[in-house]
Amino acid sequence: MGSEGYLLIVYHTQSGNTEQLAAAVEEGARWVPQVKVSRLLAARVDSRMLRECSVLIVCSPEYFGYMAGAVKDFFDRTYEQTREFTIGKPYVVVISAGNDGTGALTSIERIVAGYRMRKVQEPIIHRGKITQDALARCRELGQTLAAGIDLGIY
Ligand SMILES: Cc1cc2nc3c(=O)[nH]c(=O)nc-3n(C[C@H](O)[C@H](O)[C@H](O)COP(=O)(O)O)c2cc1C
């Protein structure tokens, strides 16, 4: 997949909550059909995918006040090979949490600062059971980002 118009949604999930949010982001992005979208478990994402994407969306549950271990592993595996290519790369974070989510968000933001990526939308932190409202917010986020790629903003 080339870099032209490529939206990469990286996620991890155990009980499916984060997957629902990530899938909603993907659904919204697909409303802009000319933009390529890829939604993958963090464990399956490699450096090339991160290097080539136009926009990165990181969707993580909060586990023990931190991002999911698989998301941390994704960052650990890709940093050395991508850090020259991620300067200014647009990113957005989506968190699924039981009752907090700030630890997961803070830990991701600290790492993407190391990659020198650029936040282009405020994060979504959803707490508790997944609601229609949360899914709608994620669809809107996906559509907005895909439209931004299509318009050449990202
Ligand atoms: C091992 C474990 C640790 C968790 N730690 C936290 C936590 O520190 N803060 C929080 O708000 N929720 C915590 N939760 C709740 C999850 O963040 C929440 O259920 C989330 O929606 C799970 O997403 P998933 O279904 O994609 O795995 C934890 C859940 C598990 C399984």
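Numbered per this note's numbering, the sequence shown spans residues 110 to 263. No residue lacks a Cβ here, since even glycine has one placed at the ideal position from N, Cα and C. None of the values given here were measured: they were computed from a predicted structure.
- DSSP, reduced to helix, strand and coil, places Met176 within a strand of the structure shown.
- Taking the C-beta atoms as reference points, Tyr120 is found no nearer than 8 Å to Leu165.
- The Cβ-Cβ distance between Val203 and Cys247 falls below 8 Å.
- Residue burial annotation: Ser124 is exposed, with fewer than 16 other C-beta atoms found within 10 angstroms of its C-beta.
- In this structure, Val134 keeps its C-beta atom at 8 Å or more from the C-beta atom of Gly210.
- When rounded, the separation of the alpha-carbon atoms in His235 and Glu189 is 31 Å.
- Within the same chain, Cβ atoms closer than 6 Å to the Cβ of Ala152 are found at Ala179, the five residues on either side in sequence being excluded.
- Judged by DSSP in its simplified three-state form, Cys162 adopts coil rather than helix or strand.
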